[in-house]
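Once you know that position 176 of the sequence shown is 176 in full-length UniProt numbering, the rest is easy, because the numbers rise by one and skip nothing.
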Amino acid sequence: MVDLRRMLHAEPELSFQEEKTPEMIADYLERLGVVVKRNVGGRGVLGYIHGGKPGKTVALRADFDALPIHEETGLPFASKRPGVMHACGHDGHTATLLVLAKVLMEQREQIEGTIVLIHQFAEELAPGGAIEMIKDGCLNGVDAIFGTHLWSTMPLGQIGYRQGPIMAAADRFDLVIRGRGGHGASPHETVDSIAVAASIVSQLQHIVSRNIDPLKSAVVSIGSFHAGGAFNVIADSATIVGTVRTFDETVQELIIERIEQITKGICQAMGADYTLDYKKGYPAVVNDELETNHFVHVAKQIEQDFVVHEMDPVMGGEDFAYYLQHVPGTFFFTGAGNEENGIIYPHHHPKFDFDEKAMLIAAKCLGKVALDFLSRTEQVKGKEELPS
Numbered sequence: 001m002v003d004l005r006r007m008l009h010a011e012p013e014l015s016f017q018e019e020k021t022p023e024m025i026a027d028y029l030e031r032l033g034v035v036v037k038r039n040v041g042g043r044g045v046l047g048y049i050h051g052g053k054p055g056k057t058v059a060l061r062a063d064f065d066a067l068p069i070h071e072e073t074g075l076p077f078a079s080k081r082p083g084v085m086h087a088c089g090h091d092g093h094t095a096t097l098l099v100l101a102k103v104l105m106e107q108r109e110q111i112e113g114t115i116v117l118i119h120q121f122a123e124e125l126a127p128g129g130a131i132e133m134i135k136d137g138c139l140n141g142v143d144a145i146f147g148t149h150l151w152s153t154m155p156l157g158q159i160g161y162r163q164g165p166i167m168a169a170a171d172r173f174d175l176v177i178r179g180r181g182g183h184g185a186s187p188h189e190t191v192d193s194i195a196v197a198a199s200i201v202s203q204l205q206h207i208v209s210r211n212i213d214p215l216k217s218a219v220v221s222i223g224s225f226h227a228g229g230a231f232n233v234i235a236d237s238a239t240i241v242g243t244v245r246t247f248d249e250t251v252q253e254l255i256i257e258r259i260e261q262i263t264k265g266i267c268q269a270m271g272a273d274y275t276l277d278y279k280k281g282y283p284a285v286v287n288d289e290l291e292t293n294h295f296v297h298v299a300k301q302i303e304q305d306f307v308v309h310e311m312d313p314v315m316g317g318e319d320f321a322y323y324l325q326h327v328p329g330t331f332f333f334t335g336a337g338n339e340e341n342g343i344i345y346p347h348h349h350p351k352f353d354f355d356e357k358a359m360l361i362a363a364k365c366l367g368k369v370a371l372d373f374l375s376r377t378e379q380v381k382g383k384e385e386l387p388s
């Protein structure tokens, strides 16, 4: 796992630009004897491990894209590609699932049913790779799906789970305010786009505190505000870019409505125009209650020195959400931080790293929950033909 992870880490590829990575994954799986389907949904790879006994079908998913970040870790296996880095652990996810496939193939004759290995491209960039892989049949015949995220802000030796929503819907909005520019000495002859935009930013902060049920979670954050260029010129336009994070669709729709209402009202009052472009990103990751309970039961039985605990929801987004909209399953977090070893940086940081021992924990949990699911005696749902 370590060798594979470090090889992948040194050769990162951006979302929707993955070429060598999926080829390496497919070649590796084929050498193991896994039935492989390439170019799924574009750049995805599917592996099918057909057990020696009939049964259900379970899927395990790993992503393999990198981020447009210049690495500053100083690791001997650091990225060889300036401005591109595995800063979210996807190299570890891929290495984990590949070596788990090797172990599962060694006991294939004892497996009841089929295990589908979903190696997904483009998780980091919406619309993501999950949608297209699903359209291309990656979930055909699948009864349940499981996945994990190596998590650097959770200490090594911890497994975090949660029933229901565990990761948020992640949206983006771009708001352009158009006023009337002019000389800074004559503001009465202008419509100050900066003043208008500043009022809007201030009022948007009241949406969560005054419009959303305090028992429900939401985030409205402004990440970018650009306007003007000269100290003595009143800018004729201003651009605001922000994100909205929610778990509840009703809350999401209310926030969209309030952003529009606030912007329209302030612009009308101050004589400006506006354009609002709101893009819904990945939906919330909502874990199935039954499969989450089964996972917790299985994980606690593994002979390993780690703690399984219920965690708070995370406001980050993940397109694993789309899989869970089609089949039941659960997405859990595998602690990968290690303060003693200096592994303290968050995801998407140029100094991000994770404790590689976490990959073994993740593999044991994924493998065990998959085999447990296949060995359960519930009736199998109607099957679609799987590659053989």
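Heads up, the beta-carbon is just placed ideally off N, CA and C, and yes, glycines get one too.
Buried or exposed (CB count within 10 angstroms, at least 16 for buried), residue i
i    : result
K381 : Confidence is the limiting factor: at K381 the pLDDT is only 48, short of 50, which leaves the residue's position unreliable and the question unanswerable from this model.
R31  : exposed
F64  : buried
P350 : exposed
S199 : buried
L60  : buried
A238 : buried
S79  : buried
G265 : exposed
E249 : exposed
P187 : exposed
H70  : exposed
P82  : exposed
D319 : buried
E289 : exposed
From the options, residue whose alpha carbon lies closest to that of residue i
i    : options                   : result
G281 : V296, E106 and I131       : I131
I240 : A269, S217, T275 and G265 : T275
T330 : C267, T148, M85 and Q261  : T148
I177 : G74, E340 and D192        : D192
H9   : E72, G52, V45 and G367    : E72
M315 : S217, A95 and M1          : S217
V219 : H206, G228, F231 and L156 : H206
F332 : I343, V307, L204 and Y345 : V307
Q325 : F146, A299 and G41        : F146
R180 : V196, D236 and I166       : D236
L215 : V251, A26, Q107 and D174  : V251
S15  : T96, G129 and K80         : G129
P76  : E11, V36 and L98          : E11
E124 : I159, E13, E249 and T96   : E13
M311 : D91, P283 and I166        : I166
I25  : E109, F121, G41 and G51   : F121
G342 : A269, L156, S221 and E260 : L156
Y278 : A126, Q261, I256 and E289 : I256
L254 : V84, D213, K20 and M154   : D213
E106 : I49, Q17 and Q261         : I49
P127 : M85, I344 and A321        : A321
Pair within 8 Å by beta-carbon distance, residue i and residue j
i    : j    : result
A169 : F225 : no
L104 : I111 : yes
N287 : G89  : no
P22  : R6   : no
F352 : S152 : yes
N211 : R245 : no
D91  : V327 : no
T114 : G41  : no
P313 : R162 : yes
G367 : L100 : yes
C-alpha gap between residue i and residue j, whole angstroms
i    : j    : result
V233 : H119 : 52 Å
K53  : L67  : 41 Å
G271 : G223 : 25 Å
A46  : Y323 : Checking the sequence, you will find Leu at residue 46 rather than Ala. If I take the Cα positions, the gap works out to 14 Å.
L150 : A185 : 55 Å
E356 : C267 : 52 Å
Q301 : L139 : 28 Å
V58  : E291 : 12 Å
Q379 : M133 : Summary for Q379: the model assigns pLDDT 47, below 50, so the residue's position carries little reliability, and this model does not support an answer.
D174 : H93  : 32 Å
L4   : A95  : 5 Å
M1   : E303 : 20 Å
E339 : T377 : 43 Å
L97  : L204 : 42 Å
E189 : H183 : 8 Å
A87  : G33  : 31 Å
L29  : F354 : 25 Å
Anticipated Cβ contact below 8 Å, residue i with residue j, distance rounded
i    : j    : result
A336 : A358 : 4 Å
L374 : K102 : Actually they do not touch by this definition, with Cβ atoms about 18 Å apart.
G229 : I194 : Contact doesn't hold; Cβ gap of about 11 Å is too wide.
P387 : K37  : 6 Å
I159 : A299 : 6 Å
T243 : R172 : 6 Å
D372 : H309 : D372 to H309, Cβ: 20 Å. No contact.
The ligand SAH heavy atom lying under 7 Å from the CB of residue i
i    : result
R180 : Judged by which ligands are present, the structure shown has none, so any question about the ligand SAH falls away.
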